[in-house]
Amino acid sequence: MTEIFGVPLPALLGQLMLGLVNGSFYAVLSLGLAVIFGMLNIINFAHGALYMAGAFFAWMGLTYWGLGYWWSLLAAPLAVGAVGVVIERLLLQWLYKLDHLYGLLLTFGLALIVEGIFRDQYGISGLPYEIPDELSGAFNLVFMFLPKYRAWVIVASLAVCFVTWFMIEKTRLGAYLRAATENPKLTQAFGINVPLMVMLTYGFGVALAGFAGMLAAPATQVNPLMGSNLIIVVFAVVVIGGMGSILGSIVTGLGLGVIEGLTKVYYPEASATVVFIIMAIVLMIRPAGLFGKEK
Amino acid sequence: MKAKRIAIAIAAALGFAAGAAQAQISDNMVKIGVLTDMSGAYSDLAGAGSVEAVKMAVEDFKAKNKPAFAIEVVAADHQNKGDIASAKAREWFDRDKVDVITDMVTTSTALAAMKVAKDKNRIAIMSGPASTLITNENCNDVAVHYTYDTYALANGTAKAVVKQGGKTWFFLTADYAFGQSLEKDASAVVVANGGKVLGSVRHPFPGTDFSSYLLKAQASGAQVIGLANAGTDTTNSIKQAAEFGITPKQSLAGLLMFITDIHSLGLKATQGMYLTEAFYWDRNDETRAWSKHFFERQKKMPTMVQAGLYSATMHYLNAVKAVNSDDTQKVMAQMKQTKINDFFAKNGYIRADGRMVHDMYLMQVKKPEESKYPWDYYWVRQTIPAEEAAQPLSMSKCPLVKK
Chain G
31 MTEIFGVPLP ALLGQLMLGL VNGSFYAVLS LGLAVIFGML NIINFAHGAL YMAGAFFAWM
91 GLTYWGLGYW WSLLAAPLAV GAVGVVIERL LLQWLYKLDH LYGLLLTFGL ALIVEGIFRD
151 QYGISGLPYE IPDELSGAFN LVFMFLPKYR AWVIVASLAV CFVTWFMIEK TRLGAYLRAA
211 TENPKLTQAF GINVPLMVML TYGFGVALAG FAGMLAAPAT QVNPLMGSNL IIVVFAVVVI
271 GGMGSILGSI VTGLGLGVIE GLTKVYYPEA SATVVFIIMA IVLMIRPAGL FGKEK
Chain D
-13 MKAKRIAIAI AAALGFAAGA AQAQISDNMV KIGVLTDMSG AYSDLAGAGS VEAVKMAVED
47 FKAKNKPAFA IEVVAADHQN KGDIASAKAR EWFDRDKVDV ITDMVTTSTA LAAMKVAKDK
107 NRIAIMSGPA STLITNENCN DVAVHYTYDT YALANGTAKA VVKQGGKTWF FLTADYAFGQ
167 SLEKDASAVV VANGGKVLGS VRHPFPGTDF SSYLLKAQAS GAQVIGLANA GTDTTNSIKQ
227 AAEFGITPKQ SLAGLLMFIT DIHSLGLKAT QGMYLTEAFY WDRNDETRAW SKHFFERQKK
287 MPTMVQAGLY SATMHYLNAV KAVNSDDTQK VMAQMKQTKI NDFFAKNGYI RADGRMVHDM
347 YLMQVKKPEE SKYPWDYYWV RQTIPAEEAA QPLSMSKCPL VKK
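Respectively, the protein sequence lines represent chains G and D. Here the first sequence is numbered in this note's numbering, starting from 31 and rising by one per residue. Here the second sequence is numbered in this note's numbering, starting from -13 and rising by one per residue.
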């Protein structure tokens, strides 16, 4: 059997595939962060908590209201997005003129509150969410046994990432958005409602977090801390990709998922650290991140 | 006049006597600190339930004994970090005059806090942590390891599984003191019973995605995948093993699982698994009575950690009452020479190395259709006698053990 550095090729391919699955989650989450940072200049630390809220929404939908997976997939991002709009209107809009630090502290506080509430209500062990019937089972890819659900995660995330990228980079709406980021006063002077766009952007950014949470619900236990375990890595992804860069966050998310997967093959003990090592190296060589522009 | 003088003398004598009695217990107050995981991965199996169990013990002790001294319970979150645990313990001992610290649910926090207890000459009673390091290399004369340890878990679960025919093993291990200790103990048991360990993989703690490690375990071809981790790491491993089609072709052995994990995963995912516990609420009338009392307050059935803490707190308070002092050495001596007989343990005793020796139980998780009422999760398959459940003193690496 072909081996690469002592690991059989099929096993390596399997691990790369899994890296891609994790990378998909990183990509969707960091994309949301990048959109929010790009538009609002807010470092959204509540992202992890809202990701968790998305997963809990799925669980509650199924448990209390009998809402199936596919409906939840639509409803969870909308619900989380609506929460985001409320947060933006009530709290964040007062902070745009201030230093980044204030937004960071506010959203960090929000994250702690939201997690605390869920922890108090549901405990820490987590709640089970079954994989929908259509997606249970697995593909036999010769080199590995890929659960259909994991394959679906990759497909769904890539689709969402592509649509987001297309919308922001290639459509008129996206052009307004980018213009509003570049020069809000001038854009407003052209008759574009900038505050509304900002509000919707934040709603959309956190809806992406809700979507990722919903995707994660059947793959892991639905757990109040699922977001805080992930968010730090996702921030590292955003920093590596370049703060606010849409394409950067997608590519880096997937790439780092794969690198992390490889680390799990060769030296699992370092798999929680490798992303940060890369971050340190990238910051030394390109302080603005791989895809970021120096200002 | 004479009568009056006698009266004054008696009063003075009484006052002196009372004063002397009070002086035995510093500030006339016994302070119990519950140092536990209030918010992290282990907060369901310990956490608020641990604090509640200690409070229950204090209330029951007060109701029964009407002690002349006051008892106060304080609690803090050690966040599963050794440095926070030792800082908090130091603060409690130096500033708040805490007499005894309890729980310490991760091995790293236990090792850090028990060292501080030794420096400050106060007592540390551990119910949450698992590593046998606590009663071996790191043992000291003020620490008690009360509820369970990795030796007992390995001897219960690993032995049972090997005897059922699970001869080849692969370990999925949480990469810190506890996981490594559990893997080591379980490997020894597997080998001693004629099994073989094919390999292991160490994952960072805490983790969410275990699929990579599970794939390695799958590739190893081992019959049994031993989960040397705990809490949410274990539940996620079990869930993902089913997703990747690893179970039921290979079977899983949860080396440290609590009833809260079974509750969280459901019987469908866990049925048939073996696990070792020091306590099961539905084992007999005595355990049921206490657990229902606990359930009324906490809305959850107790884990062995929480039940053990109640028992430990009661044992400590009884010792304080018996020697009428909160002096560390006196209380420790009394605790070590008194047997523990309550709903949690029968004829339990604390050895020189600090291990509380008592029976453990091998459980098997029921099938969904066998479960008749809420929290009806286990068959008690075997009682592991105390002497088998505890590491023999001849193997001890604790300097306090005279050989």
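Glycine included, every Cβ here is placed at the ideal spot set by N, Cα and C. Here the structure is a predicted model, which is why all the values come from computation and not from measurement.
Roughly how many angstroms lie between the CA atoms of residue i and residue j, to the nearest whole one?
{"i": "Ala168 (chain G)", "j": "Asn304 (chain D)", "result": "58 Å"}
{"i": "Arg341 (chain D)", "j": "Glu373 (chain D)", "result": "11 Å"}
{"i": "Gln323 (chain D)", "j": "Ser113 (chain D)", "result": "19 Å"}
{"i": "Ala208 (chain D)", "j": "Val187 (chain D)", "result": "13 Å"}
{"i": "Leu355 (chain G)", "j": "Trp89 (chain G)", "result": "Here chain G has residues from 31 to 325 only, and residue 355 (chain G) is not among them."}
{"i": "Ser155 (chain G)", "j": "Gln65 (chain D)", "result": "16 Å"}
{"i": "Ser60 (chain G)", "j": "Ala109 (chain G)", "result": "19 Å"}
{"i": "Ala228 (chain D)", "j": "Met174 (chain G)", "result": "15 Å"}
{"i": "Pro214 (chain G)", "j": "Lys41 (chain D)", "result": "58 Å"}
{"i": "Val312 (chain G)", "j": "Lys149 (chain D)", "result": "53 Å"}
{"i": "Val351 (chain D)", "j": "Thr201 (chain G)", "result": "56 Å"}
{"i": "Ala249 (chain G)", "j": "Leu131 (chain G)", "result": "34 Å"}
{"i": "Asn270 (chain D)", "j": "Phe329 (chain D)", "result": "9 Å"}
{"i": "Ser474 (chain D)", "j": "Leu157 (chain G)", "result": "Within the shown structure, residues of chain D are numbered from -13 to 389, placing residue 474 (chain D) beyond reach of any answer."}
{"i": "Val263 (chain G)", "j": "Gly53 (chain G)", "result": "11 Å"}
{"i": "Gly193 (chain D)", "j": "Lys307 (chain D)", "result": "45 Å"}
{"i": "Leu348 (chain D)", "j": "Gly285 (chain G)", "result": "45 Å"}
{"i": "Leu48 (chain G)", "j": "Ile232 (chain D)", "result": "15 Å"}
{"i": "Ala99 (chain D)", "j": "Gly68 (chain D)", "result": "7 Å"}
{"i": "Ala375 (chain D)", "j": "Val176 (chain D)", "result": "15 Å"}
{"i": "Asn126 (chain D)", "j": "Leu119 (chain D)", "result": "11 Å"}
{"i": "Asn223 (chain G)", "j": "Thr93 (chain G)", "result": "40 Å"}
{"i": "Ala7 (chain D)", "j": "Asp13 (chain D)", "result": "Residue placement at Ala7 (chain D) is poorly supported in this model, since its pLDDT is 45, which falls under 50; the coordinates are not used for a value here."}
{"i": "Ile198 (chain G)", "j": "Phe220 (chain G)", "result": "19 Å"}
{"i": "Ala76 (chain G)", "j": "Gly257 (chain G)", "result": "9 Å"}
{"i": "Leu200 (chain D)", "j": "Tyr132 (chain D)", "result": "33 Å"}
Answer with yes or no whether the minimum CB distance from residue i to chain C is below 8 Å.
{"i": "Phe230 (chain D)", "result": "In summary, chain C is missing from the structure at hand, where the protein chains are G and D."}
Let me confirm a value: residue i is counted as buried when at least 16 other C-beta atoms fall within 10 Å, else exposed. Which label applies?
{"i": "Ile280 (chain G)", "result": "buried"}
{"i": "Trp276 (chain D)", "result": "buried"}
{"i": "Gly36 (chain G)", "result": "exposed"}
{"i": "Met314 (chain G)", "result": "exposed"}
{"i": "Val185 (chain G)", "result": "exposed"}
{"i": "Trp95 (chain G)", "result": "exposed"}
{"i": "Gly33 (chain D)", "result": "buried"}
{"i": "Phe196 (chain D)", "result": "buried"}
{"i": "Gly139 (chain G)", "result": "exposed"}
{"i": "Tyr359 (chain D)", "result": "exposed"}
{"i": "Trp267 (chain D)", "result": "buried"}
Quick one: does the C-beta of residue i sit closer than 7 Å to a heavy atom of the ligand SAH?
{"i": "Ser12 (chain D)", "result": "Among the components of this structure there are no ligands whatsoever, and the ligand SAH is therefore not found."}
Subject >> Residues from the segment 180 to 203 of chain D in contact with chain G, defined by Cβ distance under 8 Å >> reply: Interface annotation for the segment 180 to 203 of chain D against chain G: Val187, Arg188, His189, Pro190, Pro192, Gly193, Thr194, Asp195, Ser197, Ser198, Tyr199, Leu201 and Lys202, criterion Cβ-Cβ distance under 8 Å.
Original post:
Any contact of the segment 92 to 105 of chain D with the segment 287 to 299 of chain D, i.e. 3+ C-beta pairs under 8 Å?
Top reply: Segments in contact, no.
Original post:
Counting pairs of Cβ atoms below 8 Å between the segment 203 to 220 of chain D and the segment 236 to 246 of chain D, do you hit three or more?
Top reply: Pairwise C-beta distances place the segment 203 to 220 of chain D in contact with the segment 236 to 246 of chain D, as three or more of them are shorter than 8 Å.
**OP:** Would you mind listing the alpha helix (DSSP H) stretches within the segment 158 to 219 of chain G that are 4+ residues and don't spill past its ends, in chain order?
**Re:** Assignment of alpha helix (DSSP H) within the segment 158 to 219 of chain G, counting only whole runs of 4 or more residues, yields 178 to 200, 202 to 212 and 214 to 219 in chain order.
**OP:** May I have a chain-ordered list of the alpha helix (DSSP H) segments no shorter than 4 residues that lie completely inside the segment 54 to 88 of chain D?
**Re:** For the segment 54 to 88 of chain D, whole alpha helix (DSSP H) runs of length 4 or above, ordered along the chain, are 68 to 80.
**OP:** State whether the segment 256 to 271 of chain D contacts the segment 12 to 21 of chain D, with contact taken as three or more CB pairs (one from each stretch) at a distance under 8 Å.
**Re:** The segment 256 to 271 of chain D is not in contact with the segment 12 to 21 of chain D.
Original post:
Taking the runs of the alpha helix (DSSP H) that are 4 residues or longer, which of them lie wholly in the segment 96 to 141 of chain G?
Top reply: Runs of the alpha helix (DSSP H) inside the segment 96 to 141 of chain G: 99 to 120.
Subject >> Residues in the segment 221 to 245 of chain D having any Cβ partner in chain G nearer than 7 Å >> reply: For the segment 221 to 245 of chain D, residues whose beta-carbon sits nearer than 7 Å to a beta-carbon of chain G comprise Thr221, Asn222, Lys225, Glu229, Phe230 and Gly231.
Subject >> Runs of beta strand (DSSP E) wholly within the segment 187 to 244 of chain D (minimum 3 residues, chain order) >> reply: You should have 210 to 214 and 237 to 240.
**OP:** Residues of the segment 258 to 269 of chain D with a CB closer than 9 Å to any CB of chain G: list them in chain order, please.
**Re:** None of the residues of the segment 258 to 269 of chain D has a beta carbon lying less than 9 Å from any beta carbon of chain G.
Original post:
Does the count of Cβ pairs from the segment 270 to 279 of chain G and the segment 146 to 162 of chain G closer than 8 Å reach three?
Top reply: With fewer than three CB-CB distances shorter than 8 Å, the segment 270 to 279 of chain G does not count as touching the segment 146 to 162 of chain G.
Original post:
Hey, which unbroken runs of the alpha helix (DSSP H) at 4 residues or more fall wholly within the segment 273 to 302 of chain D?
Top reply: Counting only runs of 4 or more, we get nothing.
**OP:** With 9 Å as the limit, tell me which residues of the segment 18 to 31 of chain D have their beta carbon closer than that to any beta carbon of chain G; keep them in chain order.
**Re:** Under the 9 Å Cβ criterion, the segment 18 to 31 of chain D contributes Asp23, Ser25, Gly26, Ala27, Tyr28, Ser29, Asp30 and Leu31.
Original post:
Between the segment 36 to 54 of chain D and the segment 271 to 287 of chain D, are three or more C-beta pairs nearer than 8 Å?
Top reply: They touch, by the three-pair rule.
**OP:** Decide if the segment 178 to 194 of chain D is in contact with the segment 150 to 159 of chain D; the criterion is three or more beta carbon pairs, one per stretch, under 8 Å apart.
**Re:** A contact is defined here as three or more CB-CB pairs under 8 Å, and the segment 178 to 194 of chain D meets this definition with respect to the segment 150 to 159 of chain D.
Subject >> Segment contact, 8 Å Cβ cut-off, at least three pairs: the segment 132 to 147 of chain D with the segment 357 to 371 of chain D >> reply: By the Cβ test, the segment 132 to 147 of chain D is in contact with the segment 357 to 371 of chain D, since at least three Cβ pairs between them sit closer than 8 Å.
**OP:** Mind checking the segment 239 to 256 of chain G against chain D and listing, in chain order, the residues whose C-beta falls within less than 8 Å of any C-beta there?
**Re:** Hits within the stretch, in order: Ala249, Thr250, Gln251, Asn253, Leu255 and Met256.
Subject >> Under 9 Å (Cβ pairs) to chain D, residues found in the segment 296 to 308 of chain G >> reply: Residues of the segment 296 to 308 of chain G with a C-beta atom less than 9 Å from some C-beta of chain D are Pro298, Glu299, Ala300, Ser301, Ala302 and Thr303, listed in chain order.
Original post:
For the segment 165 to 183 of chain G, which residues have a CB atom closer than 8 Å to at least one CB atom of chain D, in sequence order?
Top reply: From the segment 165 to 183 of chain G, only Ala168, Met174, Phe175, Pro177, Tyr179 and Arg180 have a Cβ closer than 8 Å to chain D.
Subject >> Within the segment 39 to 76 of chain G, ranges of the alpha helix (DSSP H) (whole runs, at least 4 residues) >> reply: Within the segment 39 to 76 of chain G, the runs of alpha helix (DSSP H) that reach at least 4 residues and sit entirely inside it are, in chain order, 39 to 70.
Original post:
Three or more beta-carbon pairs under 8 Å between the segment 213 to 233 of chain G and the segment 76 to 91 of chain G, yes or no?
Top reply: Here the segment 213 to 233 of chain G makes no contact with the segment 76 to 91 of chain G; the two share fewer than three CB pairs at distances below 8 Å.
Subject >> Within 7 Å of chain D by C-beta, residues of the segment 39 to 69 of chain G in sequence order >> reply: Listed by position along the chain: Ala41, Gly44, Gln45, Leu48 and Asn52.
**OP:** Mind listing, in chain order, the continuous alpha helix (DSSP H) runs of no fewer than 4 residues lying wholly within the segment 217 to 274 of chain G?
**Re:** Segments of the alpha helix (DSSP H) lying fully in the segment 217 to 274 of chain G: 224 to 246 and 256 to 271.
Original post:
Can you list, in chain order, the stretches of the beta strand (DSSP E) that have 3 or more residues and sit fully within the segment 341 to 385 of chain D?
Top reply: Unbroken beta strand (DSSP E) runs of no fewer than 3 residues, entirely contained in the segment 341 to 385 of chain D, are found at 346 to 351 and 364 to 370, following chain order.
Subject >> Within the segment 126 to 196 of chain D, ranges of the beta strand (DSSP E) (whole runs, at least 3 residues) >> reply: If you keep only unbroken beta strand (DSSP E) runs of at least 3 residues inside the segment 126 to 196 of chain D, you get 129 to 131, 154 to 160 and 182 to 189.
Subject >> chain D contacts from the segment 273 to 294 of chain G (Cβ-Cβ distance under 8 Å) >> reply: Listed by position, the residues of the segment 273 to 294 of chain G near chain D (Cβ gap below 8 Å) are Gly291 and Lys294.
**OP:** Report the residues of the segment 147 to 165 of chain G with a CB closer than 8 Å to any CB of chain D, ordered along the chain.
**Re:** Within the segment 147 to 165 of chain G, the residues whose Cβ lies closer than 8 Å to some Cβ of chain D are Arg149, Gly153, Ile154, Ser155, Gly156, Leu157, Pro158 and Ile161, listed in chain order.
Original post:
Relative to chain D, which residues along the segment 255 to 270 of chain G have a C-beta separation below 9 Å, given in chain order?
Top reply: Along the segment 255 to 270 of chain G, going in chain order, the ones with a CB nearer than 9 Å to a CB of chain D are Leu255, Met256, Asn259 and Leu260.
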